[in-house]
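Enquirer:
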Amino acid sequence: MKFSKFWLMLILSLSLVFVLAACGDDEEASGDTEEDDTATEDDATEDDGEDATEEDDDAEEGDSGEAQQGGTITAGMYSAPGHQFNPLFYSDAYEANILSFTHESLVQLNEELEYEPSLAHDWEINDDFTTITFHLNEGVKWHDGEDFTADDVYFTYATIADPDYVATGGVRTNYVVGLKGYEEYVNGETDVFEGVEVIDDHTVAFHYEEENIKMLFDTSFIIVPAHPFEGMEISEIPDSSASRDAGEVVGTGPYHLSDMIEGEQYVLTAFEDYWQGTPYLDGITWRVIQQSVMPGLLESGELDMIAEPNGVPASDFERVDGLENITTFETQDFGYQYMGFKFHHRTTEDVESGTINPDNWVENEKLSDVRVRQAIVSAINRQGIVDGLLYGLGSVMEAPFPEASWAYDPDAVTEYPYDPDRANELLDEAGYVDVTGDGMREDPDGNEWVLNLDYPTGNEVRERTAPIIADELGEVGINVNLRQPREAGPHFDAIEQDNNDFDLYLAGWSLAVGDPDPAGIWQSTAAYNYTRWNDETSDELIRKAVTAPDAFEQDYRAEVYNDWAAHVSEEVPMVFLYSADNIYAYNSALQNVKELPAGIYQDSHLWYLAQ
């Protein structure tokens, strides 16, 4: 590396970021993903070929002393993917379960949560932190046999920056907004996106308008091939066969999506020409199953793995952990479940055009008083949910930083213990009182006050949480209209569109490792700002935390994030319900599974079944 390791470690050490993957626990994989937001260390070795050989040598050591070729495993997830297998447009963590095996990024995370090579074997950052130049591995093939080149990297980022990307449903613009020439490109003033420069087939540079303290995260998006979409308008890409159909989706990963029965089964087959060597397994089959049958299927051997996005339910942990044929792995969840407040709704015209302009938003006056929001969080027994539904395998949060993050400070936030009396006081103070004597409060003008609560299916704990919340809010006189749940895909589509009558909604965010910058979810103009919270103080602090040169000091950033977390906890833009512990389970015969803080999917080409 041609830059100071001091700066490298200062910027990257044990940092975390909101995934836009993968989205929400079930909505994004950030990212869901989960997904798309891989960040990694930068202490890269010059000779990636030698590293690959060492990894393969390690793979030779299993229970039998030698990795064995062949066999398939069956993995389970609780909801069906939303049928979008293009990283540029996917939106839920179930889709991310497929993409984690079919696609890759320039860099990835290691067990120390540091950046290391993936599709790029080396890189340099210039002295003023405005340019990062990647050197790509040669000999990498797409699943259809075409060569992976720097043109694919350009295509990926230029698509996200395209004027029609957001209108087509894309939400990952946070990866490109800081790149040089973004404004000119997104406004259609030029056909060349100068922020990404193709130097040659295996060298690509990213140029930023200003010093960028987190450029490795910003360049960690999943790479998409250019050639399947050649000649297409951006609006045509999400519905093309190369984005949706088994056998047509193309990545560089160790497995390709070869077959599927929509809503039931998704078959991944080993990619024989995978650049790091043919995977040992012949394939991985994903089945959509109900949580209630999962333990029995693991015990019988019909199911070999449960991982993202929800893992083994806490209620089943003891049973699954006691199975002789199953290995369990517990790790802190890099995400959380929440109840969102819809502060504003977009107009139908803005939804149809993909416009996110706070000036056009329509305020939801039902939730505009901060005392109402503070009363709501005080009326919900969140610790009771953790103890009762998660069997204590989780924790209550007051701000969106997990404990493992250097940005986490429990003393910086306002805490809201379960306190119905305090909730009643706040509501009385705000003028929400029971005028009609039916036990439910009217608004300050004496009008009926009903809050619609929507939630998705798939996550059984979350499904059981919804009526608990409705009942507890009813105990303090808040009339909640608990509506019938939708499947995860339509639910999150409705949240994103938000030209509807949503007031409250249940969802989850998956957080990826990389950097704690919350802009992708919390900046008022961010596509993932599903609450449509428009707060100048929040926006200002988010910008301040990444503004050079002060932001090169981690202590400075931590201090700003403490201020931001304090503001968030005071304003209560959402109710942080809980962060559940992740419990993964896999067949003990499955060898070379890397148990990393961010999950277990990495280097799946080295997985094999001990005979």
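With my numbering applied, the sequence shown covers 2 to 612.
By construction, the Cβ of each residue, glycine as well, lies at the ideal position given by its N, Cα and C atoms.
Please read these numbers as outputs of a predicted model, since none were measured by experiment.
1. Does the stretch 387 to 396 touch the stretch 309 to 328, meaning 3 or more C-beta pairs lie closer than 8 Å?
2. Residues in the same chain with beta-carbon distance under 7 Å from alanine 159, minus the five sequence neighbours each way, listed in chain order, please.
3. If you draw a straight line from the C-alpha of asparagine 480 to the C-alpha of leucine 452, how long is it?
4. Assign glutamine 338 to one of three DSSP states: helix, strand, or coil.
5. Taking buried to mean at least 16 other C-beta atoms within 10 Å of its own C-beta, is glutamate 613 buried or exposed?
6. I'd like to confirm the pairing. Which residues does DSSP put opposite isoleucine 307 in its beta bridges?
7. Check for me: the alpha helix (DSSP H) holding valine 154 runs from which residue to which?
8. Grab me the residues of lysine 595's own chain with a C-beta within less than 6 Å of its C-beta, minus the 5 sequence neighbours each way, in chain order.
9. Just verifying my parser: in three-state terms, what is the DSSP assignment at aspartate 283?
10. May I have the straight-line CA-CA distance separating aspartate 435 from glycine 475, to the nearest angstrom?
11. Could you work out which residue in Tyr186, Thr134, His144 and Thr348 is closest to alanine 151 when comparing CA atoms only?
12. Among the candidates Tyr337, Arg173, Asp388 and Asp420, whose CA atom is the shortest distance from the CA of threonine 157?
13. What number of angstroms, rounded off, separates the C-alpha of leucine 182 from the C-alpha of glutamate 210?
14. Runs of 4 residues minimum, wholly inside the stretch 344 to 379: which ones carry the alpha helix (DSSP H) assignment?
15. Rounded to whole angstroms, what is the Cα-Cα separation between valine 573 and threonine 329?
16. I need the DSSP call for glutamate 331, collapsed to helix, strand or coil.
17. Taking the straight line between their C-alpha atoms, what separation do you get for alanine 380 and glutamate 430?
18. So what does valine 289 bridge to, in DSSP terms?
19. Is tryptophan 523 near proline 401, with beta carbons less than 9 Å apart?
20. May I have a chain-ordered list of the alpha helix (DSSP H) segments no shorter than 4 residues that lie completely inside the stretch 460 to 548?
21. Can you tell me whether glycine 232 is helix, strand or coil according to DSSP?
22. Taking the straight line between their C-alpha atoms, what separation do you get for alanine 581 and tryptophan 510?
23. Output the distance between the C-alpha atoms of aspartate 422 and glycine 478, rounded to the nearest integer angstrom.
24. Can you tell me the Cα-Cα spacing of threonine 458 and proline 280, whole angstroms?
25. Between threonine 270 and glutamate 105, is the Cβ-Cβ spacing less than 9 Å?
26. In chain order, what residues of the same chain lie with their CB nearer than 7 Å to the CB of valine 414, ignoring the 5 residues before and after it?
27. Please state whether the Cβ-Cβ distance between alanine 68 and glutamine 485 is less than 9 Å.
28. Sort out for me which residues DSSP pairs asparagine 453 with in a bridge.
29. Would you check if the stretch 67 to 83 and the stretch 291 to 308 touch, i.e. whether three or more CB-CB distances between them fall below 8 Å?
30. Run the CB neighbour count on threonine 103, radius 10 Å, all protein chains shown included, and call it buried at 16 or more, exposed below.
31. May I ask you to report which of helix, strand or coil DSSP gives phenylalanine 194?
32. What residue does the alpha helix (DSSP H) around valine 568 start on, and which one ends it?
33. Would you call the stretch 554 to 562 in contact with the stretch 351 to 368, where contact means no fewer than 3 C-beta pairs closer than 8 Å?
34. Report the start-end ranges of each beta strand (DSSP E) in the stretch 234 to 277 that is 3 residues or longer and not cut off at the edges.
35. With 16 other CB atoms within 10 Å as the buried threshold, where does glutamine 612 fall?
36. Given 8 Å as the limit, is there contact between the stretch 127 to 143 and the stretch 247 to 266, that is, 3 or more CB pairs closer than that?
Expert: So, from the data block:
1. yes
2. Translated into positions along the sequence shown, residue 159 becomes position 158. Hits under 7 Å: Phe194 and Val197.
3. Taking the sequence shown and counting its residues from 1, one reaches residue 480 at position 479. Taking the sequence shown and counting its residues from 1, one reaches residue 452 at position 451. Their backbone Cα atoms lie some 6 Å apart in a straight line.
4. On the sequence shown, position 337 is the one that residue 338 refers to. It is a strand residue.
5. The chain is shown only over 2 to 612; residue 613 falls outside these bounds and no answer can be derived.
6. Position 306 of the sequence shown holds residue 307. Partner(s): Gly77 and Ala586.
7. Your numbering for residue 154 matches position 153 in the sequence shown. Element bounds for valine 154: 151 to 162.
8. Residue 595 sits at position 594 when you count from the first residue of the sequence shown. So the list reads Gln603 and Asp604, once near-sequence residues are dropped.
9. Taking the sequence shown and counting its residues from 1, the one referred to as residue 283 is at position 282. Here aspartate 283 sits in coil by DSSP.
10. Position 434 of the sequence shown holds residue 435. Position 474 of the sequence shown holds residue 475. Distance between the alpha carbons of aspartate 435 and glycine 475: 12 Å.
11. For the purposes of this step, residue 151 is identified with residue 150 of the sequence shown, where counting begins at 1. Ranking the options by Cα distance to alanine 151, first place goes to Thr134.
12. Translated into the one-based positions of the sequence shown, residue 157 becomes position 156. The shortest C-alpha separation from threonine 157 is found at Arg173.
13. Walking along the sequence shown from the start, residue 182 turns up at place 181. Walking along the sequence shown from the start, residue 210 turns up at place 209. The identity of residue 182 in the sequence shown is glycine, whereas the question assumes leucine. Each residue's Cα considered, the two are about 8 Å apart.
14. 349 to 354
15. For the purposes of this step, residue 573 is taken as the residue at position 572 of the sequence shown. For the purposes of this step, residue 329 is taken as the residue at position 328 of the sequence shown. Distance between the alpha carbons of valine 573 and threonine 329: 36 Å.
16. For the purposes of this step, residue 331 is identified with residue 330 of the sequence shown, where counting begins at 1. DSSP places glutamate 331 in strand when its eight states are reduced to three.
17. To locate residue 380, count along the sequence shown from 1; it is residue 379. To locate residue 430, count along the sequence shown from 1; it is residue 429. Going from the Cα of alanine 380 to the Cα of glutamate 430 covers about 15 Å.
18. Numbered from 1 along the sequence shown, position 288 holds the residue referred to as residue 289. DSSP output for valine 289 lists Met78 as bridge partner(s).
19. Along the sequence shown, one-based indexing puts residue 523 at 522. Along the sequence shown, one-based indexing puts residue 401 at 400. It is a contact, given that the beta carbons lie within the stated cut-off.
20. 461 to 476, 489 to 498, 520 to 523 and 537 to 545
21. Looking up residue 232 in the sequence shown gives position 231. Note: glycine 232 maps to coil in three-state DSSP.
22. In the sequence shown, the residue the question calls residue 581 occupies position 580. In the sequence shown, the residue the question calls residue 510 occupies position 509. So the two alpha carbons sit approximately 12 Å from each other.
23. Within the sequence shown, the letter at position 421 stands for residue 422. Within the sequence shown, the letter at position 477 stands for residue 478. Cα to Cα, aspartate 422 sits roughly 12 Å from glycine 478.
24. For the purposes of this step, residue 458 is taken as residue 457 along the sequence shown, with counting starting at 1. For the purposes of this step, residue 280 is taken as residue 279 along the sequence shown, with counting starting at 1. Those two C-alpha atoms are separated by around 34 Å.
25. Here the question's residue 270 lines up with position 269 in the sequence shown. Here the question's residue 105 lines up with position 104 in the sequence shown. Not closer than 9 Å, so no.
26. Locating residue 414 in the sequence shown gives position 413, counting from the first residue. Correct list, in chain order: Glu399, Ala400, Ala566, Ala567 and Ser570.
27. Locating residue 68 in the sequence shown gives position 67, where the first residue counts as 1. Locating residue 485 in the sequence shown gives position 484, where the first residue counts as 1. No, the Cβ-Cβ distance between alanine 68 and glutamine 485 is not below 9 Å.
28. Walking along the sequence shown from the start, residue 453 turns up at place 452. Asparagine 453 is bridged to Asn482.
29. yes
30. Here residue 103 refers to the residue found at position 102 when the sequence shown is read from its first residue. It counts as buried.
31. Locating residue 194 in the sequence shown gives position 193, where the first residue counts as 1. Three-state DSSP puts phenylalanine 194 in coil, outside helix and strand.
32. As a working mapping, residue 568 is identified with position 567 in the sequence shown. Going by the sequence as given, residue 568 is histidine instead of valine. Run containing histidine 568: 555 to 572, per the alpha helix (DSSP H) assignment.
33. no
34. 256 to 262 and 266 to 271
35. Sequence index remark: in the sequence shown, residue 612 carries index 611 (1-based). Looking at its Cβ environment, which holds fewer than 16 other Cβ atoms inside 10 Å, glutamine 612 is exposed.
36. yes
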